[in-house]
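Here is the structure we will look at, set down as structure tokens.
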Amino acid sequence: AADVVLADDNFETIVRAIEGGRTIYANITKFVHMMFSHNLGEVVMIFTAIALGWPLPLLPLQILWMNLVTDVFPALALAFEPPSPEVMKQRPRDPSTSLLSKDLLILIAWQAMMIAFLALGAYTWALRVYGPGAHARTIALFALIGAQLGHMFNCRSRTRSALDGIFRNPFIWVATLIVVLLQLLAIYLSPLAVVLGTDHLVEIDWMVVGICIVAPVILVEIWKASVRWQLAARGTRKAAAG
Numbered sequence: 010a011a012d013v014v015l016a017d018d019n020f021e022t023i024v025r026a027i028e029g030g031r032t033i034y035a036n037i038t039k040f041v042h043m044m045f046s047h048n049l050g051e052v053v054m055i056f057t058a059i060a061l062g063w064p065l066p067l068l069p070l071q072i073l074w075m076n077l078v079t080d081v082f083p084a085l086a087l088a089f090e091p092p093s094p095e096v097m098k099q100r101p102r103d104p105s106t107s108l109l110s111k112d113l114l115i116l117i118a119w120q121a122m123m124i125a126f127l128a129l130g131a132y133t134w135a136l137r138v139y140g141p142g143a144h145a146r147t148i149a150l151f152a153l154i155g156a157q158l159g160h161m162f163n164c165r166s167r168t169r170s171a172l173d174g175i176f177r178n179p180f181i182w183v184a185t186l187i188v189v190l191l192q193l194l195a196i197y198l199s200p201l202a203v204v205l206g207t208d209h210l211v212e213i214d215w216m217v218v219g220i221c222i223v224a225p226v227i228l229v230e231i232w233k234a235s236v237r238w239q240l241a242a243r244g245t246r247k248a249a250a251g
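In the numbering used here, the protein residues as written are 10 to 251.
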């Protein structure tokens, strides 16, 4: 009895099966990476604001709305991420290796802090300009969701640029469009705005939210570039030593 049975008498099936399995595992890791960093970022933001004695940055219904909006659709989009070009160049994974490796936990931790402090920065600005209330909380909500939306693109790969093959997965853009439309409804659809306690934003507010969307991509791109440089330097030293 063979451990592997070829139903179509074609060894290429094994290659495709391995590629499919690695892609599924990689997408699960991306999903976990995004979900954990998003949720930890929310906890850090709210806890920090409370610890500093600030007005509550988000209402309970706003937190529930945020989790429904920023987690469901982006997570589904990452589940359909196509195989990366280097997926078959990787060494076989040790079956005993934990999904939440030390490196992944460190990555989640610092990127959650990044998301939290970007949103806190926007909330601090809003408190100074508008004072405590619905308007400042709306800016905090939109800044946090914006940072999470930008970070979704980072989670496509730990080493490749967020811009690499950015149009290969159309579901990423569908998820982005859905999140943006839902956020607009949250302030411009009066019944929903009343329930969520949101307020209309002005031009300068949208600029602050835009910075929170773009900043995570820029910061993580710098980190990824340094990682790629270190890997290339390590490979060069090994080649020279050999």
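Note that beta-carbon positions come from the ideal geometry of N, C-alpha and C, so glycine has one too.
Assuming Leu113 and Phe40 form a contact by the criterion Cβ under 8 Å, report the distance between their Cβ atoms to the nearest whole angstrom.
Along the sequence shown, one-based indexing puts residue 113 at 104. Along the sequence shown, one-based indexing puts residue 40 at 31. Not quite, the Cβ-Cβ distance comes to about 12 Å (not below 8 Å), so this is no contact.
Find out if the Cβ-Cβ distance for the pair Leu68, Gly206 is shorter than 7 Å.
Counting from one through the sequence shown, the residue named residue 68 turns up at place 59. Counting from one through the sequence shown, the residue named residue 206 turns up at place 197. Contact: yes.
Going by other Cβ atoms of all chains shown within 10 Å of its Cβ, with 16 needed for buried, is His209 buried or exposed?
Taking the sequence shown and counting its residues from 1, one reaches residue 209 at position 200. Per the 10 Å Cβ criterion, exposed.
Identify which residue in Val217, Val236, Thr245 and Val188 has its Cα closest to the Cα of Leu85.
Taking the first residue of the sequence shown as position 1, residue 85 is located at position 76. Measuring from the Cα of Leu85, the nearest candidate turns out to be Val188.
Go ahead and label Ala10 buried or exposed: buried means 16 or more other beta carbons lie within 10 angstroms of its beta carbon, across all protein chains shown.
Locating residue 10 in the sequence shown gives position 1, where the first residue counts as 1. At Ala10 the pLDDT is 48, less than 50, meaning the model places this residue with poor confidence and gives no usable figure here.
Just the C-alpha distance for Thr136 and Arg167, rounded to the nearest angstrom, thanks.
One-based indexing of the sequence shown puts residue 136 at position 127. One-based indexing of the sequence shown puts residue 167 at position 158. Per the sequence presented here, residue 136 reads as Leu, with Thr not at that position. So the two alpha carbons sit approximately 35 Å from each other.
CB-CB under 6 Å to Val229, same chain, minus the five flanking residues each way: which ones, in chain order?
Residue 229 sits at position 220 when you count from the first residue of the sequence shown. Correct list, in chain order: Asn163.
On the DSSP letters alone, give me the boundaries of the alpha helix (DSSP H) that Val81 sits inside.
Locating residue 81 in the sequence shown gives position 72, counting from the first residue. Counting along the chain, the alpha helix (DSSP H) containing Val81 begins and ends at Pro69 to Ala88.
Whose CA, out of Ala26, Ala242, Ile220 and His144, lies closest to the CA of Gln157?
Within the sequence shown, numbered from 1, the residue matching residue 157 stands at position 148. Residue Ile220 is the option with its Cα nearest to Gln157.
At what residue ranges does the region 103 to 190 contain a whole run of the alpha helix (DSSP H), taking only runs of 4 or more?
Runs of the alpha helix (DSSP H) inside the region 103 to 190: 111 to 139 and 143 to 163.
Would you report the Cα separation of Met43 and Arg243, rounded to the nearest angstrom?
Numbered from 1 along the sequence shown, position 34 holds the residue referred to as residue 43. Numbered from 1 along the sequence shown, position 234 holds the residue referred to as residue 243. Taking the straight line joining both Cα atoms gives about 28 Å.
Can you tell me where the alpha helix (DSSP H) with Ser199 in it begins and where it stops?
One-based indexing of the sequence shown puts residue 199 at position 190. Its alpha helix (DSSP H) spans residues Ser199 to Leu205.
Under the assumption that Val226 contacts Ala171 (Cβ atoms under 8 Å), give the Cβ distance between them as a whole number of angstroms.
For this step, residue 226 is matched to residue 217 along the sequence shown. For this step, residue 171 is matched to residue 162 along the sequence shown. About 5 Å; that satisfies the 8 Å criterion.
Assuming the contact rule is C-beta atoms closer than 8 Å, Asn36 and Glu90 should be a hit. Round their C-beta distance to whole Å, please.
As a position in the sequence shown, residue 36 is number 27, starting the count at 1. As a position in the sequence shown, residue 90 is number 81, starting the count at 1. Asn36 to Glu90, Cβ: 5 Å. Contact.
Pick helix, strand or coil for Glu95, following the three-state DSSP scheme.
Walking along the sequence shown from the start, residue 95 turns up at place 86. If DSSP states are grouped into helix, strand and coil, Glu95 belongs with coil.
Do you know offhand how far Pro200's Cα is from Lys233's?
Start at 1 with the first residue of the sequence shown, and residue 200 comes out as number 191. Start at 1 with the first residue of the sequence shown, and residue 233 comes out as number 224. Spanning the two alpha carbons is a distance of roughly 43 Å.
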